[in-house]
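All the letters of the sequence shown, read from the start, carry residue numbers 1278 to 1490 under this note's numbering.
Backbone N, C-alpha and C define an ideal beta-carbon position, used for all residues, glycine too.
None of these values were measured; they are calculated from a predicted model.
Below is one structure, written out as structure tokens; the observations come after it.
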Amino acid sequence: MPRESPETPAARLFIALDLPDEVRDAIAEWQRDAIADPALRPIRAEGLHITLCFLGPRPERAIARIEAILAGLEPRTVAMRFLADPAALPRGRPGLYAIAAESEDAVGLQGELAETLVAAGLYEPEKRRFWPHVTVARVRSERVEPRKGERRGKGRPRRVSDPPTALPRRLCEPFGAVRLALYRSTLKPQGAEYESLAGVDLPSPAGGRRRGD
């Protein structure tokens, strides 16, 4: 894949599935009680989504091409359900906690999207298998003295004594994603900020939950 000139304006981009508002609100409510360890930093509600393809830094002019690819995809139902027990990644010394989503629809959509983006030269697929999940907390780093010439030290994730508790039953009920969206991610000291640039609304699964239902 050709590299862009350092002078080319770039945006940190990813494509994700948006959750229904009521699902995001329920996760945020669960976080307030379930994520109590001081080593954990809960993810804000606007960051609760299922990333399908992380594109990384891309030139601003590529945004229109990505929008066109999303617009060319046929909207389809993306049904899923969460597993109750949050997963620690990696297991030995976790850097984050996530809730896994069972969804053949999401796996199929991600495969189609990844193939199209690769053909367009806009995506380098990860070697690991796609795993639908929502990151709900990140582990704060241990403070270490910076090395000579460095602005800040780099430390391992802190040890977590009190990991997040299981999801309530109502959060494990089936629901449908509401939107396939292109996001710009801006890194800030307090965490990443996300801006939705474009997207495609998805139809609701029969009997599933949707925004405003």
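By the CB criterion at 7 Å, Leu-1373 and Arg-1415 fall inside the cutoff.
The beta carbons of Gly-1432 and Ser-1418 sit closer together than 7 Å.
The three-state secondary structure of Val-1384, taken from DSSP, is helix. The C-alpha of Trp-1307 lies about 9 Å from the C-alpha of Thr-1442.
Runs of the alpha helix (DSSP H) spanning 4 or more residues and lying entirely within the segment 1443-1479 do not occur at all. Remark: C-beta atoms of Ala-1458 and Gly-1476 approach each other more closely than 7 Å.
The segment 1316-1368 is shown to contain whole beta strand (DSSP E) runs of 3 or more residues at 1317-1319, 1326-1336, 1356-1359 and 1364-1366, in chain order.
Between Pro-1315 and Asp-1478 the beta-carbon gap is near 39 Å, outside 8 Å, which marks them as no contact. Looking at the DSSP output, Pro-1434 shares a beta bridge with Ser-1418.
DSSP, read as helix, strand or coil, puts Asp-1439 in coil. In the three-state scheme derived from DSSP, where H, G and I count as helix and E and B as strand, Asp-1295 is classed as strand. According to the DSSP assignment, Ala-1377 belongs to the beta strand (DSSP E) that extends over 1373-1379.
Per the coordinates, the alpha-carbon of Val-1411 lies some 10 Å from the alpha-carbon of Ala-1364. Note on geometry: alpha-carbon atoms of Arg-1342 and Gly-1324 lie some 24 Å from one another. Under DSSP, Leu-1290 takes part in a beta bridge, and its partners are Gly-1333 and Arg-1461. Val-1411 is bridged by DSSP to Ile-1376.
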